[in-house]
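Here the structure comes first, spelled out in structure tokens, and everything after it is commentary.
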Amino acid sequence: MIQLLYGVIFAEMALILTLLFKTPLRKLVIMALDRLKRGRGFLLFLALMIDRLHHYIRELRQLRKTMEAAKKQTRGLDDSKFGTNTEEAKALGEEVATLRSKVKKLEAECEAKTKAAKAAEEEAETIRKQSEGSRVEYGRLQEDNQSLRSQIESIESEGKKDM
34 MIQLLYGVIF
44 AEMALILTLL
54 FKTPLRKLVI
64 MALDRLKRGR
74 GFLLFLALMI
84 DRLHHYIREL
94 RQLRKTMEAA
104 KKQTRGLDDS
114 KFGTNTEEAK
124 ALGEEVATLR
134 SKVKKLEAEC
144 EAKTKAAKAA
154 EEEAETIRKQ
164 SEGSRVEYGR
174 LQEDNQSLRS
184 QIESIESEGK
194 KDM
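Under my numbering, the residues of the sequence shown are numbered 34 to 196, in order.
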């Protein structure tokens, strides 16, 4: 195929050289080209169009092959991804079930501790009220004690004066 291409290129170069210089061969080449073109202009156009069409079809076929290869590769990756995902999904499902049971257990513990905290708070409040009552009682007793002492001192001081 390459030899044919080189042959065509060499023939075109020879034709260009004969048309470039004024020689008797130039007239013969021009007359031969005119005869060749007469009634064949459409054939030349059609040949060029067929050549371009063949080129584009070949390029399209090559692009389709690469697209198909890319699709196969993508499908393979998706299959492998989904294949491992089913195993991972099962493992994750089991983990979710375990975590849900732990959450329920922790919620129950939290509720129990909340109740215990409320009970302790109520107990602290009652103790605080008792201590407040005791403090008030202690203050009253101190005042009574002070008044009794002052009475004792006054009685003693009167007793010393009487003697």
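Glycine is no exception: its CB is placed at the ideal position from the N, C-alpha and C atoms.
Check                                                                                                                                            : Outcome
Taking the Cβ atom as the reference point for each residue, do residue 62 and residue 51 lie within a distance shorter than 8 Å?                 : yes
Go ahead and pull the three-state DSSP assignment for residue 43.                                                                                : helix
CA-CA distance, residue 70 and residue 99?                                                                                                       : 42 Å
Look at the alpha carbon of residue 152 and the alpha carbon of residue 174, and state the distance between them as a whole number of angstroms. : 32 Å
Quick one: what does DSSP say residue 56 is sitting in, helix, strand or coil?                                                                   : coil
Which runs of the alpha helix (DSSP H) spanning at least 4 residues fall entirely within the region 71–95, listed in chain order?                : none
Suppose you measure from the CA of residue 36 to the CA of residue 45; what does that come to, to the nearest Å?                                 : 14 Å
What separation, rounded to the nearest whole angstrom, lies between the Cα atoms of residue 58 and residue 89?                                  : 39 Å
Helix, strand or coil: which one does DSSP assign to residue 34?                                                                                 : coil
Cα separation between residue 170 and residue 180?                                                                                               : 15 Å
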